[in-house]
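Student: Input: one structure, supplied below.
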């Protein structure tokens, strides 16, 4: 059985002395959906980039399945807020891009592209260019592209932050369904507390300056969730708890600033 994701004593200091993360201990089991929440500047994206292998820690270790993360790899798929699609490639060709880099056979590429476009509900748009799609559709393509490489863990950096409220809600429901269908481990960072509580099985709250784990809270809500769950007492209580923690640690960070 996979050992999952482990961060042990992880710190990150950038050149010039900016200490962004310190002493991060975090375990994510295979198949979990974990959201990392915190105020701006708490190091959420830096943490995700360490797991993706785009940055190296200056302290501690990051391991996946018991092996050190030393750089990007196909076992980890990353989706950012903008989606970063190639505007000259069709939807199908965008989804196939990572598979081409991995030298997957043409037949297998075609099979995966068909399957994941169906999974994200965009089969009819296979030959369309990204410029003809809505923001939500473009993010679906980006998620399909990441999933087509069949990573062990999907890393999401505020993927719905630029979307309008209705589209964001639709995408949240879509993402939970994809997670349940595929069983992929998901680690997502967001500043939207309501989004974190709705999506995740656990919410990890980061304090700021430097970023560190302030709380790790289980989300005791039904596995089958729709928007109605947001009106339940259990959801509202947990949302308030997380909001209070984020506010508390952001306020403490602000109070420590000189001047």
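Residue numbers (full-length UniProt numbering): 1 to 259. Note that beta-carbon positions come from the ideal geometry of N, C-alpha and C, so glycine has one too.
#1: What are the boundary residues of the beta strand (DSSP E) that residue 104 is part of?
#2: From residue 223 to residue 214, what does the alpha carbon distance come to, in whole angstroms?
#3: DSSP on residue 134, reduced to helix/strand/coil?
#4: On a Cα-Cα basis, can you pick out the residue from 107, 149, 123 that is closest to residue 101?
#5: Between the region 124 to 137 and the region 37 to 56, do at least 3 Cβ pairs fall closer than 8 Å?
#6: How is the alpha helix (DSSP H) around residue 42 delimited, first residue to last?
#7: Tell me whether residue 48 sits in a helix, a strand or coil according to DSSP, three-state version.
#8: Using C-beta distances below 7 Å, list every residue in its chain close to residue 197, excluding the 5 sequence neighbours before and after it, in chain order.
#9: In chain order, what residues of the same chain lie with their CB nearer than 6 Å to the CB of residue 160, ignoring the 5 residues before and after it?
#10: Is the beta carbon of residue 153 less than 8 Å from the beta carbon of residue 187?
#11: Where residue 122 and residue 137 are concerned, what is the direct C-alpha to C-alpha distance, given to the nearest angstrom?
#12: Which value, in whole angstroms, describes the spacing of the CA atoms of residue 174 and residue 211?
#13: Do you know offhand how far residue 195's Cα is from residue 178's?
#14: Which same chain residues end up closer than 6 Å to residue 7 when comparing Cβ atoms and leaving out the 5 residues on each side of it in sequence?
#15: Just to confirm, are residue 108 and residue 144 a CB contact at a threshold of 8 Å?
#16: Does the distance from the C-beta atom of residue 31 to that of residue 185 stay below 8 Å?
#17: So residue 89 is in the alpha helix (DSSP H); what residue range does that whole segment cover?
#18: How would you write the range of the alpha helix (DSSP H) that residue 160 sits in, first residue to last?
#19: Just the C-alpha distance for residue 36 and residue 44, rounded to the nearest angstrom, thanks.
Tutor: Looking at the coordinates:
#1: Indexing the chain shown from 1 puts residue 104 at position 104. Neither: residue 104 is in no beta strand (DSSP E) and is coded neither H nor E.
#2: What you label residue 223 is simply residue 223 of the chain shown in a count that begins at 1. What you label residue 214 is simply residue 214 of the chain shown in a count that begins at 1. Using only the alpha carbons, I get a separation of about 25 Å.
#3: Locating residue 134 in the chain shown gives position 134, counting from the first residue. Three-state result, residue 134: coil.
#4: As a working mapping, residue 101 is identified with position 101 in the chain shown. Checking every option, the nearest Cα to that of residue 101 belongs to 149.
#5: no
#6: One-based indexing of the chain shown puts residue 42 at position 42. Taken as a continuous stretch (DSSP letters only), residue 42 belongs to no alpha helix (DSSP H), as it is neither H nor E.
#7: Counting from one through the chain shown, the residue named residue 48 turns up at place 48. If DSSP states are grouped into helix, strand and coil, residue 48 belongs with the helices.
#8: Position 197 of the chain shown holds residue 197. For residue 197, where only same-chain residues beyond five positions count, the Cβ hits under 7 Å are 203, 219, 235, 238, 239, 242.
#9: Locating residue 160 in the chain shown gives position 160, counting from the first residue. Around residue 160: 168, 171.
#10: Start at 1 with the first residue of the chain shown, and residue 153 comes out as number 153. Start at 1 with the first residue of the chain shown, and residue 187 comes out as number 187. Result yes, Cβ atoms of residue 153 and residue 187 sit closer than 8 Å.
#11: As a position in the chain shown, residue 122 is number 122, starting the count at 1. As a position in the chain shown, residue 137 is number 137, starting the count at 1. About 8 Å.
#12: Mapped onto the chain shown, residue 174 falls at position 174. Mapped onto the chain shown, residue 211 falls at position 211. Cα-Cα distance, rounded: 30 Å.
#13: Taking the chain shown and counting its residues from 1, one reaches residue 195 at position 195. Taking the chain shown and counting its residues from 1, one reaches residue 178 at position 178. The alpha-carbon atoms of residue 195 and residue 178 are separated by roughly 16 Å.
#14: Working through the chain shown from its first residue, we reach residue 7 at position 7. Same-chain partners within the cutoff: 24, 26, 62.
#15: The residue you call residue 108 lines up with position 108 of the chain shown. The residue you call residue 144 lines up with position 144 of the chain shown. Contact flag unset, no.
#16: As a working mapping, residue 31 is identified with position 31 in the chain shown. As a working mapping, residue 185 is identified with position 185 in the chain shown. Contact flag set, yes.
#17: Working through the chain shown from its first residue, we reach residue 89 at position 89. Taken as a continuous stretch (DSSP letters only), residue 89 belongs to no alpha helix (DSSP H), as it is neither H nor E.
#18: Taking the chain shown and counting its residues from 1, the one referred to as residue 160 is at position 160. Element bounds for residue 160: n/a, residue is neither H nor E.
#19: Here residue 36 is taken as the residue at index 36 of the chain shown, counted from 1. Here residue 44 is taken as the residue at index 44 of the chain shown, counted from 1. Approximately 7 Å between the Cα atoms of the pair.
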